[in-house]
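In this text, residue positions in the sequence shown follow this note's numbering: the first is 1, and each later residue adds one. Yeah, the Cβ is synthetic: ideal placement off N, Cα and C, and Gly gets one too. Fair warning: this is a prediction, and the values are worked out from it, not measured in the lab. Heads up: the structure comes next, in structure tokens.
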Amino acid sequence: MADSIALPPAAGEDRNFRLLLYARVLRSVGISFSSVALPLYLADLGFSVVVIGISFLLMTVFGSFLIFLWGPLGDRYGYARVMIAVEALFVASALIFAFYPGGALVVILFAAVIGGYGGMGGGGLRGAFGPGMTALVGYLWKGSDERVRRLGKITLVAGLAGTAGYALLFAQSVISVHTGDIGAFRVVYLSTAFSGLGAISLLSLIREPVHTRKKERVITRESGAFVSRIALSNIVNGVGIGLAIPLLPLWFLLAFRYNNAEISVIYIVSAILGAVASYFAHEVSSRFGAVTSASAARIANGLLLAAMAFAPLGIFAAALYCLRAVSAGVSAPIRQAVTMGGVQENELGAATSLTGVAQRASFTSSGLGGYLLTLSEGLPLEFGGALQVCGGLLFYGLLRRARMMPPTGTASPNSVLAKPDELKSWVLSRSWEKPKARSPRSLQSSA
């Protein structure tokens, strides 16, 4: 499928991409450990399952506010700056966990809230950092195929780097022999603060073109209509994720009595499989179409999550979770590219924030997930899986005939502008879905 004009990357683009990739690696190490370790750390501090669930609810509310705030700010002042601010909050959070000697809930909650933990995808791809990263890729590189390739590589690297973060949970169990569980957590949180500082250093070196200050509304009516469709499906999908995923490490602990080291192995294997799967996102999207591929992956995610609730042994539940990671790894870069393809260039930050905040805000269901976990260990996974299936069906139903946004004719100084006749060819060849539809402006337009 010819989706975009293949133009050689400029030297500045390669440098920017390498810096973004390396920063993503360091970010993934810290956030992956922190997100998986947090419910276990809170349990070690003596908090109940219900309190832990409510804690994730509060984290989600504040995280949603940050995601909503960072997108429009990125459109105005630069996406790299937004990512630096997000990472600075993570470093502050890690330092509080590392040096605060007490166990007061208000202090622990404050650190968790500003850190942006909870319910992360492979390599910590969700959260306030994600919209800035996705928007920056869309701003610097043009064309759906090119964006899927770049996002696929980032997802691959983030997932592999996430295994190092999950390995830190294994290291925590080893260190705990000498320092105790809580002391070991503090040592590892300190190491994640250093990884965050490294990410900040790399992000500060990215050369991002100056953004044109928008005088009109944050997002146009046409783009808003497109984004609202994605947001609606994200809400349903996010409620399902919030019920189960943030507390999943605790579920493995309660359901199968797995220790921290065993849980870390599950997450390491799943992260590797998900990362490798993301490398093939472009091929899957080209063969089956972006909307169809992303929808099918969400449906598969839900079915596999629900099936975990009925696993008789922990090894079966772990295997199902690893299969789910494969499906999620393929779908992540495709869904991000779909979002960018339906909005104007100067609205990328707002669009990714609005779709992100819709899903992130629905993670408030983690409070209900904690309560369901006290009633029956499988309930959060059953309800969460069913809602994810509904979210996948809704994504397909709302977007299979959605219109894409035509090129604006502008590009960053780091990219090469196509000639007018090439732009015309690009518009006519742009296709999100398998070539079936008649309208060249449809996401299912044929070449």
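The segment 226-233 makes no contact with the segment 366-375, as fewer than three CB pairs between them are under 8 angstroms.
In the three-state DSSP reduction, residue 70 falls in the helix class (H, G or I). Between residue 382 and residue 236, the alpha-carbon positions lie close to 14 angstroms from each other. In the three-state reduction of the DSSP assignment, residue 336 falls in the helix class, which pools H, G and I. Here the alpha carbon of residue 59 sits roughly 9 angstroms from the alpha carbon of residue 110. Secondary structure note for residue 364: it is in no alpha helix (DSSP H), with a DSSP letter that is neither H nor E. Closest option to residue 20, judged by alpha-carbon separation, among 57, 56, 80: 80. Secondary structure note for residue 262: its alpha helix (DSSP H) is the uninterrupted segment 260-278. Judged by DSSP in its simplified three-state form, residue 256 adopts helix. The beta carbon of residue 278 sits closer than 7 angstroms to the beta carbons of 152, 155, 156, 159, 329, 330, 332, 333 from its chain, once the five residues preceding and following it are set aside; these are given in chain order. Scanning its chain for C-beta atoms nearer than 6 angstroms, with the 5 sequence neighbours on each side dropped, one finds around residue 107 the residues 100, in chain order.
With 16 or more other CB atoms across the displayed protein chains lying within 10 angstroms of its CB, residue 335 is buried. The beta carbon of residue 44 is closer than 8 angstroms to those of 181, 182, 185 in its chain, skipping five residues each way along the sequence.
Here DSSP, grouped into helix, strand and coil, assigns residue 116 to coil.
When 83, 104, 76, 65 are compared, the shortest CA-CA separation from residue 26 is found for 83.
Ranking 351, 70, 369 by CA distance to the CA of residue 243 puts 369 first. If the five residues before and after residue 53 are omitted, its C-beta is found closer than 7 angstroms to the C-beta atoms of 247, 366, 367, 369, 370, 371, all from its own chain and listed in chain order.
With contacts defined by Cβ atoms closer than 7 angstroms, residue 302 and residue 385 form a contacting pair.
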